[in-house]
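Sequence lines, in order, name chains Z and G. Numbering that gives the first Met the number 0 puts the first residue of the first sequence at 0, with every later residue one more than the last. Numbering that gives the first Met the number 0 puts the first residue of the second sequence at 0, with every later residue one more than the last. Note that beta-carbon positions come from the ideal geometry of N, C-alpha and C, so glycine has one too. Remember, it's a predicted structure, so these values are computed and weren't measured experimentally. Please read the structure below before turning to the comments.
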Amino acid sequence: MNINIDSGDDVIVKAQIVSLANLKAGESGTVYEFKGGERLRKKLDSLGIRQGKNVKKVSDMVLRGPITIQIENSSRVAIGRGMAEKILVKVGK
Amino acid sequence: MKVILMGNPNVGKSVIFSRLTGTSVTSSNYAGTTVEYKKGLFKHQGKSVELIDAPGTYTLDPTNKAEEVAVEMLKEGDLVFNIVDATNLERNLNLTLQLLEQDIPVVVLLNMWDETHHKGINIDLKKLREELKVPVIPTVATTGNGLKQVLDYLDYREVKEFKKRSSEERWVEIGHIINDVQHIEPKHHSTKEIMEEYTLKTWTGIPIAALVLYLTFVVIRFIGEGLIDYIANPFFTGPFQRFLMQISQFLTEGSFLHDLFIGQLVNGQIDFEQSFGLLTTGIYIPFAAVLPYIVSFYFVLSILEDSGYLPRLAVLVDNVMHKVGLHGFSIIPMILGFGCNVPAALAARNLDSKREQFIASTLMSISIPCMAQTAMIIGLVGAFGGIYVFYVFAALFIVWIIVGLILNYFLPGYSSDLLIEIPTLRFPLLDIVFKKLWMRITNFLKEAIPFVLLGVLAVNVLYALGFFAFLTRIIGPAFSTLFGLPKEVISALLMGFLRKDLAMGMLAPLDLTVKQLVISSTILTVYFPCVATFIILFKELGLNNMLKSAGVMVATAVTVGTILNIGFNSIYESVVTMILIFIIIFILYRLTSKKYEQIME
């Protein structure tokens, strides 16, 4: 999904919203939205994953294995594939 | 007075506990291993202090059982030492603010203070104290720096008023605090960080894991065999045997007391594996055959735990674990099971759902032999060649996969997703490793020795009463037809309920062929866990599920024993059997994948 953000000086910058599962290893993004219930949000929140946080994808395990991310100024967290698909991040400016 | 240690997982809480109390404690790098909380007593300036190591928790709004326990403990304390990872201040402050909102005095320990400098993190302590309005003490748990000052605050009893906030308001507040007190100089990726990431990537992580597991096995074997060959056996076959022979002569062979304490002589000599007296086999099995392996296993496990490697293993095996209805985290109870099934069954409690707890406990009890049993398998079966030990473990591994697939298919629901913090790799502190090792060994001796002695006693009494003869007559025929085993093995199975190592020991005098040994070792692992594990399963799963689990175990044991007996008589037969097994695995795999897809839709 693409969204257009008006950056203020009339320049339209394209940002892309992808799930954490679809982010490429090595890429960074900003946590944008959770496609899950309150329980998921709470669980992620306690680990420091919440809206606006910058995360970098460290690795991607084969055969639908978990995704590891590095949260800015914080810890590394491994997230199962199903859950990672519910975490949307914004890539680019 | 009662002091509670609280903090996120992996902040060095257990190390601080260990340093303050000086007693032995399980301290692990793995998120959530300390569900069984630790209590320690110490004296400070004449006052006795009770220190409680609460399970690591990220929040007071519990998301799992371990966190619930932590919140419960908070109610009993006079004071909380909140341990905070200084290198990860923002996330850790979430718990701190929640604690400040409670009606209990809080002292903040800013741990890993030394690492902030390497990471380019500057924290303004004065400002942080002003913001939090409570004492904040920088500490370094690994060296013990700062802990002396911590003790000065044992009498701190001020409770500051903090208004209750919603989760969002709290994060806003934390944002302000972080802005005020913390300054981070951007640093490049250090070589260590890059190395650490290799352990998490598929194509580098899997070979590293294979190497780690191989080394683990080699080191356990090396230390275990070394202790047996150079310490245990020389002592037992030397001075101890001479001493027992004197007792034997004194009691005179064949008398009741001789049978009880020394047992049967083999060719006029004591045979520690076969005599079956309280002082001979009853002492030999726990001390000489099993203890060396317990020491080496827990030594290596403690190092693995404290190095922070285990969560990485959980990430690597996650996709396989999903197929049997679990997720990567469940590798922990499985690995613990290789030491002793009891702590493993307890660790299964940390899994996300009842379903996962049931699958994990059942799979663990069915196909993971504890170190006591493994040591005896290596001793008895290994005498015929290492390949036979491999057969036993290969059979158990196949059982693990098939039973897991079946349980995952038939039990309603599906496995939840993995979500764990990956701590940084660090060198384990040897003094902490040894403290932990000491505690685990004393636990083993306390648990095992009474049971082994009781078991040897029971064997002698039941034998004298003719109970074994009675039982073998009844189930013996079915036993030899299905499993091709002599009827006497039944008594060993019966004993296996008490102690698996002892049961293996009972196979020694039976003159079994190697095939029969492989079959009986496998059945002995699968059919039932020992009584200690059984009690835990009962407590953790409840009667109903425990009985279900036991049903699965017995059914599996009968099936496996029969297949091993009739399916591998020639090379041709073995190939056909293996092909059939793989077809079954494939079909089950397809079925469970389909079920998962349907649920997803």
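When the alpha-carbon of threonine 142 of chain G is set against those of G/Leu481, G/Pro427 and G/Gly174, the nearest one is in G/Pro427. With its beta carbon at least 7 Å from every one in chain Z, aspartate 228 of chain G lies outside the interface.
Of all alpha-carbon atoms in G/Val455, G/Lys126, G/Thr62 and G/Ile586, the one lying nearest the alpha-carbon of threonine 279 of chain G is that of G/Val455.
Using a Cβ-Cβ cut-off of 7 Å, valine 314 of chain G counts as an interface residue toward chain Z, since at least one Cβ of chain Z sits closer than that to its own. Taking the Cβ atoms as the reference, threonine 95 of chain G lies roughly 6 Å from valine 107 of chain G, within the contact range of under 8 Å. Under DSSP, histidine 43 of chain G forms a beta bridge with G/Lys46. Its chain contains Ala502 and Leu523 as the residues whose beta carbon lies nearer than 6 Å to that of glycine 495 of chain G, once the 5 sequence neighbours on both sides are disregarded; these appear in chain order.
Rounded to the nearest angstrom, the gap between the Cα atoms of phenylalanine 80 of chain G and methionine 5 of chain G is 6 Å.
Under the Cβ criterion of 7 Å, leucine 62 of chain Z is counted among the residues facing chain G. Annotation: threonine 29 of chain Z is outside any alpha helix (DSSP H); the continuous beta strand (DSSP E) that includes it extends over 27 to 33. For valine 88 of chain Z, not one C-beta of chain G is nearer than 7 Å to its own C-beta.
Between isoleucine 562 of chain G and phenylalanine 443 of chain G the beta-carbon gap is near 34 Å, outside 8 Å, which marks them as no contact. The beta carbon of tyrosine 57 of chain G sits closer than 7 Å to some beta carbon of chain Z. Rounded to whole angstroms, glutamine 372 of chain G and valine 380 of chain G show a C-alpha spacing of 11 Å. The C-alpha of isoleucine 474 of chain G is placed about 12 Å away from the C-alpha of phenylalanine 482 of chain G.
Between aspartate 305 of chain G and chain Z, the shortest Cβ-Cβ separation is not below 7 Å. Leucine 312 of chain G counts as buried, since at least 16 other C-beta atoms from the protein chains shown sit within 10 angstroms of its C-beta. One Cα belongs to leucine 335 of chain G, the other to leucine 587 of chain G, and the distance between them is close to 27 Å. Uninterrupted alpha helix (DSSP H) stretches at least 4 residues long and entirely within the region 150 to 216 of chain G occur at 166 to 180 and 190 to 197, given in chain order.
Taking the C-beta atoms as reference points, serine 366 of chain G is found nearer than 7 Å to leucine 395 of chain G. The beta carbon of proline 332 of chain G lies closer than 7 Å to those of Ala343, Ala346, Ala347, Ala359 and Met363 in the same chain, with the five residues before and after it left out. Where aspartate 228 of chain G is concerned, there is no enclosing beta strand (DSSP E), because DSSP gives it neither an H nor an E.
When secondary structure is reduced to three states using DSSP, leucine 563 of chain G falls in the helix class. Here the alpha carbon of isoleucine 518 of chain G sits roughly 8 Å from the alpha carbon of valine 391 of chain G.
Among the residues of the region 47 to 60 of chain Z, those with a Cβ less than 8 Å away from any Cβ of chain G are Gly47, Arg49, Val57, Ser58, Asp59 and Met60, in the order of the chain. Counted as a single uninterrupted DSSP element, the stretch harbouring alanine 77 of chain Z is not any alpha helix (DSSP H) but the beta strand (DSSP E) occupying residues 75 to 78.
Tryptophan 437 of chain G sits exposed, since fewer than 16 C-beta atoms from the chains shown fall within 10 Å of its C-beta.
Secondary structure at glycine 51 of chain Z: coil, using DSSP grouped into helix, strand and coil. For isoleucine 78 of chain Z, at least one C-beta of chain G is nearer than 7 Å to its own C-beta. In the DSSP assignment, asparagine 110 of chain G forms a beta bridge with G/Asp84. For lysine 89 of chain Z, no alpha helix (DSSP H) run applies; the uninterrupted beta strand (DSSP E) run containing it begins and ends at 86 to 90, by DSSP.
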